[in-house]
Structures are given as structure tokens and as C-alpha cells.
Amino acid sequence: MWLSAVLLSSSFTGPHGAAASSRVQRSAARAVATEPFTTTKSNACFNEAKTLMPGGVSSPVRAFKSVGGDPVVFDRVKGAYAWDVDNNKYIDYVGSWGPAIIGHADDEVLAALKKVIDKGTSFGAPSALENVLAKMVIDAVPSVEMVRFTNSGTEACMGVLRLMRAYTKREKLIKFEGCYHGHADSFLVQAGSGVATLGLPDSPGVPQGATKSTLCAKYNDLKSVEAIFDANPGEIAGVILEPVVGNSGFIAPDPAFLAGLRELTTKHGALLCFDEVMTGFRISYGCAQKYYGITPDLTTMGKVIGGGLPVGAYGGRKDIMEMVAPAGPMYQAGTLSGNPLAMTAGIKTLERLQKPGTYEKLTALSERLIAGILAAGRAEGHDMCGGNVSGMFGIFFCKGPVKNFEDATKSDTAKFARWHRAMLERGVYLAPSQYEAGFMSTAHTEEDIDKTIAAAREVFKII
Ligand SMILES: Cc1ncc(COP(=O)(O)O)c(C=O)c1O
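All the letters of the sequence shown, read from the start, carry residue numbers -20 to -1, 1 to 443 under mature numbering (1 follows the signal peptide of the UniProt record, and there is no 0).
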């Protein structure tokens, strides 16, 4: 979830604001059979939450600021579905922001967790389960010869940045506009085109010093990367990117872009890091790097490899990873890192993903969904574009093509807000921001997709 999805969000607080969201919606055909749509309990719970936690949430995008109206408060999740505290049922395409790739609360994952929990929740000492998950990751991901587990994607990205700097003895980092790498100071650089190389911080509290070495390039634009390398000879430690972007909405890479980055980094003695926190084990079992056939030096992961529990990881070439403490001098640590519950959920989830046909299913369902939504929207005269890679997908309310963050900002975010609320009212839970991707799971069915498209047809007539 990207900070700027909140900061850049439209100020839309349209007809479906907090007051409207509690009304009974009897007419709309809900995609899932359930009670009439009321959000009385959600509203009460969220109103209390706002007095207890900043914005009522533990992570900003959940608050629905980008789309207006209050969020619904979840009670439980199972498979492809979520239920809120008013017992409204949703077909869920957020999947806890990516981890739920085999569906929520999968029976096999839960059974494995129940078995392991009796042995304790955290050891703070080596456990054999870490070896099992490490071996699975090393076997699957082309760039990874050694791995360090963390508790979140943010921690993994913080660690990998320190490692890139330690290994190369250089400080400067190239990232891309619209790519999110967690909330560590150095990555919080918004950098529109006018300040592309100034590294201005994105959030109050981030010191200028923390971001002055962060240089921003344009996604899918090799020339913008080349220009930064040329202007900073011998100073760039590494390039980090989302190999498929999910934090500016869904944006696929031009394969030549990824290949070009590999060449440029090698030529300039810099490291290439794929941030696969979102794409890891989602785009393919070997992550986006295997799908596109480009091997970076370092990789960050999270989400799917934790199977719904808090996990992150970074890994890469052995000679680089051996710089990490205690093998080497680069310090990074974590009290709960590698805990047996998180390792178990990750192991079980990866085992399930190994089953033949997994990624074909994710692809087929996502293609069917996107094709259906785009056809329905265009039939009603909406400018739209969208796509998917495997089980990661998205749409924009503009003609497209969308190749980078600047293109993404051309989308009609006020219309997106109306679309989001109307789909919610019809039992479809989509990411509450234009600048987020959608996630398919193997628990979704063709029937879910068809119901979603039917709801979309209705919605496109009224937004
Ligand atoms: C590509 C990417 N990197 C890093 C992160 C940060 O991960 P976490 O939220 O687990 O800290 C995210 C979160 O969505 C992400 O999408």
C-alpha cells in the first residue's frame, strides 16, 4: 500500500459519504447472496476506532480516504470471501493486500498452524522451520542463494538498501516514481518530474539528509535511468524497482525495460534489486524475475511467503548476502524474525502453490475478470484500460496505455471512487484506491468472476 495513494487521492466525498453508506440498499443486485446492504455496525466501530487510532486504522489506505465514505469493518474471511460486522458478504479482490493467494484462512494452513502453535509462538532462537522455508525460497527464486527473514516488506527493503550500500561502498539509490518500497525514510520520495533528481522527502518527519541520495527515474523509461547514471558516475549503489508495479495501480513492465536495467546496472557496477514483496510467488512460483527471465542481484519478498502472517525477506547472491551480520559487518536484526508460526504459514502456502495448474488458474481467472470489466465499461462509453500479469491485475479510468505513474494520474479518480463504492454496495470488495492493484486467489471461481462482471455492468450505467 503506497503512501501516495492517500496523499494524491482525489478529494471526492461524493454521494456515498459516511451518512449515505449506512442506508439500506434494497434494489441493487448484490454479487453475493446476503442481507440488504447496511453498515450500521461498521460505522459505529469505525467511529470509535477514529478516537483510538490515527484515522481509525493501523495502515493508511484501509481508511478509504482515496474513495470517500467510511470503510467497512471486517469480521471474518474465508476463501475468496470476506464478511463485515454487519454480515455483508464480499467477493474479495484485495486478499489482505496480496498474501491470500490460495484464499483466506485456508484449511491446510490453519491445520498446520494449529499443530505448531502448541510448541510455542516465538523462539528467538534458530528453528528448523526457517531452514525449510529458506530452502524453498532459494530453490524457487533465481537470484536467491541466501536469504534473511524479517517481519515485514518494509524491514526487508530497509535491510536490502543498507546491504546495497555496504557492498558497493556507494550511497546513491535509484528508485522509480510511483514504486513503493515500504515506509523507511530513504524510500519516501515522491519526486514528480520537476524534482526528479532532487530527492525531496514525501512526508513530514523525513529528514532531507535521508532522501538526498534517493534519485527518482521514470518507470518503463530506460533513458531516464541512463541520465541519472551519467550524472552520478561511480556513485550509484543500486537500482530498486517493482518488477510489475502494483503501487501506482497495476502497471506491467516492458520486458526490454527490465533487460535494459540489468545491462545498465552491470555496466555501472551497481546492484539491481527487484522488490518482489508484492510480486514474489504471485507472478510465478519463481517470482516476476523467473517470469521475465531477468535475474537481479538482490530480491525482497513478503506477503505471500508469510501465508497471511507477518513475514518479509531479502536475499540474493551469496557473496553479497554474506555481508549481513553475523556472517558479515552489515547489521540488521529482528526479535520475532523467523518465528515458527510465520514460517509454517509460508511453507504450507508455498507447498500449495507448487501444485500443477496454480498459475494457469490465476491467469485465466484474472484475464476473464479484466476482459469482462473492460468490455462492460467500454460498452457504457467509459474510457478505460487495464490488464493483468498472472494473478495481479488492475484497471484505470483513462484511455491509456498506462506505462508509468504520470500516465496513471490521468485516470479519473472521482469516477474510480464512485465505481468503488457502488461495487462495494453490490458485494465486491476492491482495493480502495486507484493507485493499488487487485489480487486473484486460487479460491476464486468462474462464478465469482461472472457475478463481479454482472455487478460491474450495473455500476457502469450509474457512475
Ligand atoms: C512492493 C512493496 N514493497 C514493500 C512493501 C512494504 O511491505 P509491508 O507493508 O509488509 O511493510 C509493500 C507493501 O505493500 C510493497 O507493495
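For glycine and all other residues, C-beta sits at the position ideal for the given N, C-alpha and C.
Please read all numbers here as calculations on a predicted model, not as lab measurements.
*Less than 6 Å between the CB of Glu416 and some heavy atom of ligand 1, yes or no?*
Locating residue 416 in the sequence shown gives position 436, counting from the first residue. Checking every heavy atom of ligand 1 against the Cβ of Glu416, none is found closer than 6 Å.
*Near Ala146, which residues of its chain fall below 6 Å by C-beta distance, leaving aside the five closest residues on each side in sequence?*
Sequence index remark: in the sequence shown, residue 146 carries index 166 (1-based). Excluding sequence neighbours, Ala146 sits near Met303 and Met310.
_Am I right that Lys152 and Ala217 are in contact with their C-beta atoms under 8 Å? What's the rounded C-beta distance?_
Here residue 152 refers to the residue found at position 172 of the sequence shown. Here residue 217 refers to the residue found at position 237 of the sequence shown. Between Ala217 and Lys152 the Cβ distance is about 6 Å, and since that is below 8 Å, they are a contact.
*Name all residues in chain order for which at least one heavy atom of ligand 1 lies closer than 6 Å to the residue's CB.*
Met(-20), Trp77, Ser132, Gly133, Thr134, Cys137, Tyr160, His161, Gly162, Glu222, Gly226, Asn227, Asp255, Val257, Met258, Gly282 and Gly292
*asked:* Just to confirm before moving on: does the CB-CB distance between Ala322 and Gly282 stay below 7 Å?
replied: The residue labelled residue 322 in the question sits at position 342 within the sequence shown. The residue labelled residue 282 in the question sits at position 302 within the sequence shown. No, the pair does not count as a contact, with Cβ atoms beyond the cut-off.
_Assumed close pair Asp165, Val186 - CB separation to whole angstroms, cut-off 8 Å_ = The residue labelled residue 165 in the question sits at position 185 within the sequence shown. The residue labelled residue 186 in the question sits at position 206 within the sequence shown. Their Cβ separation, rounded to whole angstroms, is 5 Å, which keeps Asp165 and Val186 in contact under 8 Å.
*What do you reckon, are the CB atoms on Tyr73 and Gly418 nearer than 7 Å?*
Here residue 73 refers to the residue found at position 93 of the sequence shown. Here residue 418 refers to the residue found at position 438 of the sequence shown. Their beta carbons are under 7 Å apart, which means Tyr73 touches Gly418 by this criterion.
*How about Tyr265 and Leu333: do their beta carbons lie closer than 7 Å?*
Working through the sequence shown from its first residue, we reach residue 265 at position 285. Working through the sequence shown from its first residue, we reach residue 333 at position 353. Contact: yes.
*Could you give the distance in angstroms between the alpha-carbon of Ile442 and the alpha-carbon of Met403?*
Along the sequence shown, read from residue 1 onward, the residue named residue 442 stands at position 462. Along the sequence shown, read from residue 1 onward, the residue named residue 403 stands at position 423. If I take the Cα positions, the gap works out to 11 Å.
_Own chain, CB closer than 6 Å to Phe396, minus 5 neighbours either side, in chain order_ = As a working note, residue 396 is residue 416 in the sequence shown. Excluding residues within five positions, the ones whose Cβ falls inside 6 Å are Phe377 and Gln414.
*Given that a residue counts as buried once 16 or more other Cβ atoms are within 10 Å of its Cβ, and exposed if not, what is Asp428?*
Counted from its first residue, the sequence shown places residue 428 at position 448. So Asp428 ends up on the buried side.
*Just the Cα atoms here: how many angstroms apart are Pro34 and Phe26?*
Here the question's residue 34 lines up with position 54 in the sequence shown. Here the question's residue 26 lines up with position 46 in the sequence shown. Cα-Cα distance, rounded: 11 Å.
*Can you give the Cα-Cα distance for Thr177 and Glu88, rounded to whole angstroms?*
One-based indexing of the sequence shown puts residue 177 at position 197. One-based indexing of the sequence shown puts residue 88 at position 108. Any answer about Thr177 is weak, because its pLDDT of 39 lies below 50 and its placement is not dependable; what the coordinates show is given next. The alpha-carbon atoms of Thr177 and Glu88 are separated by roughly 48 Å.
_Which listed residue (Val112, Leu251, His163 and Val47) has its alpha carbon closest to that of Asp277_ = Looking up residue 277 in the sequence shown gives position 297. Considering only alpha carbons, the answer is Leu251.
*asked:* Nearest by alpha-carbon distance to Leu90: which of Met364, Ile350, Leu349 and Ala325 is it?
replied: Mapped onto the sequence shown, residue 90 falls at position 110. With distances taken between Cα atoms, Leu90 lies closest to Ala325.
*By Cβ distance, which residues of its chain are closer than 6 Å to Thr389, with the 5 residues on each side in sequence left out?*
Sequence index remark: in the sequence shown, residue 389 carries index 409 (1-based). The answer is none, since no qualifying residue turns up.
*From Ser132 to Met258, what does the alpha carbon distance come to, in whole angstroms?*
For the purposes of this step, residue 132 is identified with residue 152 of the sequence shown, where counting begins at 1. For the purposes of this step, residue 258 is identified with residue 278 of the sequence shown, where counting begins at 1. One C-alpha to the other measures close to 11 Å.
*Ends of the beta strand (DSSP E) at Asn368?*
Mapped onto the sequence shown, residue 368 falls at position 388. Cys365 to Val369 is the span of the beta strand (DSSP E), which, as asked, contains Asn368.
*Take Arg437 and list the residues in its own chain whose beta-carbon comes closer than 7 Å to its own, dropping the five residues that flank it on each side.*
What you label residue 437 is simply residue 457 of the sequence shown in a count that begins at 1. Ala356.
*Shortest alpha-carbon distance to Asn68 belongs to which of Thr18, Ser107 and Asn319?*
Counted from its first residue, the sequence shown places residue 68 at position 88. That would be Thr18, whose Cα lies nearest to the Cα of Asn68.
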